[in-house]
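What follows is a single structure, written as structure tokens, with notes after it.
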Amino acid sequence: KQEVTQIPAALSVPEGENLVLNCSFTDSAIYNLQWFRQDPGKGLTSLLLIQSSQREQTSGRLNASLDKSSGRSTLYIAASQPGDSATYLCAVRGGANNLFFGTGTRLTVIP
Amino acid sequence: SAVISQKPSRDICQRGTSLTIQCQVDSQVTMMFWYRQQPGQSLTLIATANQGSEATYESGFVIDKFPISRPNLTFSTLTVSNMSPEDSSIYLCSVGHSNQPQHFGDGTRLSIL
Numbered sequence: 514k515q516e517v518t519q520i521p522a523a524l525s526v527p528e529g530e531n532l533v534l535n536c537s538f539t540d541s542a543i544y545n546l547q548w549f550r551q552d553p554g555k556g557l558t559s560l561l562l563i564q565s566s567q568r569e570q571t572s573g574r575l576n577a578s579l580d581k582s583s584g585r586s587t588l589y590i591a592a593s594q595p596g597d598s599a600t601y602l603c604a605v606r607g608g609a610n611n612l613f614f615g616t617g618t619r620l621t622v623i624p
Numbered sequence: 005s006a007v008i009s010q011k012p013s014r015d016i017c018q019r020g021t022s023l024t025i026q027c028q029v030d031s032q033v034t035m036m037f038w039y040r041q042q043p044g045q046s047l048t049l050i051a052t053a054n055q056g057s058e059a060t061y062e063s064g065f066v067i068d069k070f071p072i073s074r075p076n077l078t079f080s081t082l083t084v085s086n087m088s089p090e091d092s093s094i095y096l097c098s099v100g101h102s103n104q105p106q107h108f109g110d111g112t113r114l115s116i117l
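So the sequence lines, in the order shown, correspond to chains A and B.
Using the numbering used here, you'd call the opening residue of the first sequence number 514 and step up by one each time.
Using the numbering used here, you'd call the opening residue of the second sequence number 5 and step up by one each time.
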């Protein structure tokens, strides 16, 4: 069964700093990997989707990379802002359309 | 991207009662998914709901506890039956498949007294 791990579990940075969130998965046979953010008590907002054939995707200050062979993905956030404070989840899609979620990284950006 | 509306957004229920959560999507979709997020934990898939057939449940989830309806291509309901405090969670409706992004509703925060 696919296992998805996110490190660190929590991260606190001063505003303006660049940061990297990590996601690793055990089974490299994936269709794609998706990064989400979740605000407290809310649903998930999709940030970036990387197909298994792609190496990276960018959206604004966010850049996600994928190394399928090593089972790793990173989410890079440039010039962090207090509004970026949230929990960030990665999820990999395997067969049968199931998404396997990591446990998330809780990010706090300090003004 | 699909817009997903869930109702209710939150509820507080007595143990032993049942609650039905509604999910409406602004476009027709083949599959709808129901997830549970227990406090402090990540998301776990409960079941996949296809229109015109019975829902497919994941290991650990059964139809008697979580009956699902899928009357058309834009709507689904999840019922949490005979609730106990262990059912206190956020329940999320989701759409997406294969190489498309997965999208989620805002969730239903359920507390059982």
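Glycine included, every Cβ here is placed at the ideal spot set by N, Cα and C.
Listed along the chain, the chain B residues whose CB falls inside 7 angstroms of the CB of A:S586 amount to none; the nearest CB is some 15 angstroms away. Using a CB distance below 7 angstroms, the part of the segment 610-622 of chain A facing chain B consists of N610, N611, L612, F614, G615, T616, G617, ordered along the chain. The three-state secondary structure of B:P75, taken from DSSP, is strand. Taking 8 angstroms as the threshold, the shortest C-beta distance from B:S93 to chain A does not fall below it. Scanning its chain for C-beta atoms nearer than 6 angstroms, with the 5 sequence neighbours on each side dropped, one finds around B:R74 the residues A53, Q55, S80, in chain order. At a cut-off of 8 angstroms between beta carbons, B:L114 makes no contact with chain A.
Taking all protein chains in view, the Cβ of A:R550 is crowded by 16 or more other Cβ atoms within 10 Å, so the residue is classified as buried. With a 10 Å radius around the Cβ and a threshold of 16 neighbouring Cβ atoms, B:N86 comes out exposed.
Measuring C-alpha to C-alpha distances from A:Q594 to each of A:S565, A:Q515, A:N531 identifies A:N531 as the nearest. For B:G111, same chain residues with a beta-carbon under 6 angstroms away, outside a window of 5 residues either side, are I94, L96 in chain order. Only residues of its own chain outside the window of five on either side were considered, and among them L620, T621, V622 have a CB closer than 7 angstroms to the CB of A:S598, listed in chain order. Counting of Cβ neighbours within 10 angstroms places B:A51 among the buried residues, the total reaching 16 or more. Residue pairing from DSSP places A:A523 in a beta bridge opposite A:R619. For A:L562, the chain B residues whose Cβ falls inside 7 angstroms of its Cβ are P105, in order along the chain. As a beta-bridge residue in DSSP terms, B:M35 pairs with B:N54. Apart from sequence neighbours up to five positions away, the residues of its chain that approach B:S88 with a beta-carbon distance below 7 angstroms are R19, I116, ordered along the chain. Looking at the backbone, the Cα of B:T24 and that of B:G109 are separated by about 15 angstroms. With contacts defined by Cβ atoms closer than 8 angstroms, B:V99 and B:A6 form a contacting pair.
In the three-state reduction of the DSSP assignment, A:E569 falls in the strand class.
At a cut-off of 8 angstroms between C-beta atoms, A:S559 counts as an interface residue with respect to chain B. Counting along the chain, B:I16 sits inside the beta strand (DSSP E) bounded by residues 14-17.
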